[in-house]
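Notes follow the structure.
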Amino acid sequence: MVRMARLIDVTRCTACRGCQVTCKDWNQLPGEIGEFTGSYQSHMDNSPLRWTMIKFFEEEKSNGDVQWVFRKHSCNHCGDPGCLKACPNNALAKSELGAVYRIEENCIGCGYCVPFCPFDIPKIDEVNEKMKKCTFCIDRIANDLRPACEKTCMPGAIMYGSWDEMSALADKRLEAAQKRFPNAQIYGKNELGGLGNIYVLPDGPQNYELPVNPTLAPTLGMWKDIVQPFGNLAIAATLIGTGLAFLFTRRKAFVNVESSKLAEGGYHDEQKNDRAL
Amino acid sequence: MSKKMIERFSPAVRVAHWMYAISFITLAITGYMLFGTKLDWMAPMFGGIEGAMVVHRVAGVFLIAAIVLPLLMRPKDVFAWLGESIKITSADIGFLKTFPHKLLGIKKEIPPQGFYNGGEKINSLIQVVSGLVLITTGLIMWLSGPGTIAPLLHATFFVIATCGAIGHIYLALLNPVSNESINAMLHGKVSEKYMIENHGQWYNDVYKAEKN
Ligand code: SF4
Ligand code: SF4
Ligand code: SF4
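Order-wise, the sequence lines are chains A and B.
Counting in our numbering, the first sequence runs from 879 upward without gaps.
Counting in our numbering, the second sequence runs from -9 upward without gaps.
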């Protein structure tokens, strides 16, 4: 199967928030009344019940005019997902389509994945003790349907197709975007093994709360690759070692006349044993 | 040889020890469910791994209490134990050299030991150091989320503490050379002979001196 991707053309988004609503609709996530955010942005961040949202950025143009930029914020389905590597319970998996999805029964909401996502995506549902995030609509795309958010997007700010198609489309879109935004650039082609979201941005990623060079924390993987296997080994070795030592001492105890116990009358079972002999 | 018994651990010390021990074992079992998969069959007893994590936190509070209460109520005892444990003497080194034999139940001449022998001191130090790290990282993870380093340290010291505890349990319960010492933690007393053989220095310097 070929890896799929979404193109997120930020230069085209009108902030209608159709994707935000349809994501809730398809995934049956009830609405939440958020606090006032100080702008037209609906909420501060994603939540266990909100897997995608539009973030608002107010920018001043060179001529003094104000312009809004709207970026869809959801899981990027990284080529090299930190969350997946960090999860101690194998609760995250990557499908051949490129979706990083959660295995419901394995997830215990421990939150170990949270700090290892460079995009601050996983949200913990404290009540049900599960992590929640965008699934790439895996239940849809695995059945040859398009992601709900993409299907809704009217201005074509979200597109869906194979990663290579989206990558080529991004180049075309960039050309168009650069006419309006001289600093326009593509984000997500090279980051973290290629993201499942390829962005066309009007300006540098730092302006839109995207890390410029997203990297995975150096301690990532040390848990799964070092501490867990070696720890298991150490515990098993100690158990086996003491177990063997125990068997050895039992054997010894029958003959070890120097044992202080024997001097005082010996083990109960040893005395029986002596009589049997 | 006389069957005279000597008081080794006061009731307060024993209560603290068992409170710590029971909390530790509960923590190790529930914690392991996150660490590995080999105990997952026990998860239903706790209401799933999610339930085990709740039990883990409750047991954590008990473990902290097993440290804080003695510190508040019997600070002298606690500091006496700590003070002894960090004083590693040449007698302790001598003891550790014979440790492989002891492990296999072979009796060997050991230099006269203090109130705690070299092995007990090492065990104490392992538990003190890993206990401090485990409690600190545990509280950090509980109160401010896992972060990228705390789980790593927590897991590493879990392994160290658990291996130490397995060795400790084996020596105290199953090893014929040393398992008499369990009585000291159960009833508080061990035979005078045991103290002479295993803690000769303490017996000569302290116990006899107190007697006279
Ligand atoms: S964006 Fe975060 S949650 Fe999504 S795949 Fe990447 S690391 Fe995982
Ligand atoms: S919250 Fe779930 S997905 Fe995240 S690390 Fe824990 S078990 Fe894995
Ligand atoms: S792919 Fe599906 S789950 Fe993800 S943001 Fe779009 S609608 Fe929501």
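By construction, the Cβ of each residue, glycine as well, lies at the ideal position given by its N, Cα and C atoms.
As the structure is a computational prediction, the values presented were derived from the model and not from experiment.
Return yes when the Cβ of residue j is within less than 7 Å of the Cβ of residue i, no when it is not.
i, j, result
"K874/A", "L1098/A", "Beyond the ends of chain A as shown, which are 879 and 1155, falls residue 874/A; an answer cannot be given."
"M882/A", "L975/A", "yes"
"P60/B", "A11/B", "no"
"F209/B", "I96/B", "Outside the shown range of chain B, which is -9 to 202, sits residue 209/B, and nothing can be said about it."
"C897/A", "T1030/A", "yes"
"I1036/A", "I932/A", "no"
"K1067/A", "S1045/A", "yes"
"P993/A", "G137/B", "yes"
"G960/A", "G1071/A", "no"
"W946/A", "A1026/A", "no"
"P1080/A", "F1059/A", "yes"
"G128/B", "G41/B", "no"
"G1109/A", "V149/B", "yes"
"R4/B", "M175/B", "yes"
"A969/A", "H955/A", "no"
"A1095/A", "L93/B", "no"
"I986/A", "E1004/A", "no"
"S75/B", "K111/B", "yes"
"W1101/A", "L142/B", "yes"
Short of 8 Å in beta carbon distance, which residues of its chain neighbour residue i, apart from the five on each side in sequence? Order them along the chain.
i, result
"H1146/A", "Note that H1146/A has pLDDT 46, beneath the 50 cutoff, so the model's placement of it is unreliable and the number below is only indicative. Contacts found: none."
"R1153/A", "Because R1153/A sits at a pLDDT of 41, beneath the cut-off of 50, its placement in the model cannot be relied upon, and the point is left open."
"A169/B", "Residue identity differs from the one stated: residue 169/B is Asn in this sequence, not Ala. Correct list, in chain order: L161, A162, L163."
"I172/B", "A162, L163"
"I1064/A", "A1048, D1049, L1052, I1076, Y1077, V1078, L1079"
"Q203/B", "Nothing can be reported for residue 203/B, as the shown portion of chain B is limited to -9 through 202."
Would you say residue i touches ligand 3, meaning its beta carbon is less than 6 Å from a heavy atom?
i, result
"S952/A", "yes"
"W929/A", "yes"
"A883/A", "no"
"P893/A", "The amino acid at residue 893/A is misidentified as Pro; the sequence shows Ala. A893/A Cβ: outside cutoff for every heavy atom of ligand 3."
"A1026/A", "yes"
"E995/A", "In the sequence under discussion, the amino acid at residue 995/A is Cys, which differs from the Glu named in the question. For ligand 3, not one heavy atom lies less than 6 Å from the Cβ of C995/A."
"C965/A", "no"
"P1031/A", "For the record, residue 1031/A in the displayed sequence is Cys; it is not Pro. Checking every heavy atom of ligand 3 against the Cβ of C1031/A, none is found closer than 6 Å."
"C901/A", "yes"
"C153/B", "no"
Kindly examine ligand 1 and report whether one of its heavy atoms sits closer than 6 Å to the Cβ of residue i.
i, result
"V978/A", "yes"
"C961/A", "yes"
Return yes when at least one heavy atom of ligand 2 lies under 6 Å from the C-beta of residue i, else no.
i, result
"C956/A", "no"
"L970/A", "yes"
"C1015/A", "no"
"I986/A", "yes"
"M990/A", "Just to set this straight, residue 990/A is Tyr in the shown sequence, not Met. It does: the Cβ of Y990/A is within 6 Å (strictly closer) of some heavy atom of ligand 2."
"M43/B", "no"
"M1009/A", "yes"
Excluding the 5 residues flanking residue i on each side, which residues of the same chain have their C-beta closer than 7 Å to its C-beta?
i, result
"W132/B", "R47"
"K1011/A", "W929, C953, I999, P1000, K1001"
"L53/B", "Y10, S13, F14, L17"
"V880/A", "S1040"
"E1028/A", "R884, I1036, M1037, Y1038"
"N113/B", "G154, H158"
Hey, would you say the C-beta of residue i is under 6 Å away from at least one heavy atom of ligand 5?
i, result
"I999/A", "As presented, the structure is devoid of ligand 5, carrying ligand 1, ligand 2 and ligand 3 as its sole ligands."
Grab me the residues of residue i's own chain with a C-beta within less than 6 Å of its C-beta, minus the 5 sequence neighbours each way, in chain order.
i, result
"D1017/A", "none"
"G1144/A", "Low per-residue confidence applies at G1144/A: pLDDT is 47, beneath 50, and the placement is therefore not dependable enough to give any value."
"M922/A", "T915"
"K204/B", "In the structure as shown, chain B begins at -9 and stops at 202. Residue 204/B is therefore absent and cannot be evaluated."
"I1092/A", "The identity of residue 1092/A in the sequence shown is Pro, whereas the question assumes Ile. Counting only Cβ-Cβ distances below 6 Å, and skipping sequence neighbours, we find P996, E1069, L1070."
"Q1056/A", "A1062"
"V68/B", "P60, L61"
"I186/B", "Y193"
"R895/A", "I932"
"G108/B", "D82, F85, L86"
"F147/B", "S120, V123, L124"
"R949/A", "V888, K933, Y1086"
Members of the region 35 to 51 of chain B near chain A, C-beta cut-off 7 Å: I39, E40, M43
Under 9 Å (Cβ pairs) to chain B, residues found in the region 1077 to 1100 of chain A: A1095, P1096, T1097, L1098, M1100
Contact set between the region 998 to 1013 of chain A and chain B, restricted to residues whose Cβ is under 8 Å from the partner: E1007
Chain-ordered residues of the region 142 to 175 of chain B with a beta carbon less than 7 Å from chain A: L142, A145, T146, V149, T152, C153, I156, G157, Y160, L164, N165, P166
Near-chain B residues of the region 956 to 985 of chain A (beta-carbon distance less than 8 Å), N- to C-terminal order: P966, N967
Interface residues of the region 1112 to 1131 of chain A facing chain B [CB-CB below 7 Å]: A1112, I1113, T1116, L1117, T1120, A1123, F1124, F1126, T1127, K1130, A1131
Residues, ordered as in the chain, of the region 86 to 102 of chain B that lie near chain A by beta-carbon distance below 9 Å: L93, L94, G95, I96, K97
Against chain A: residues of the region 109 to 142 of chain B by CB proximity under 7 Å: G135, P136, G137, T138, I139, P141, L142
Proximal residues, the region 2 to 28 of chain B versus chain A, C-beta separation under 9 Å: Y22, M23, L24, F25, G26, T27, K28
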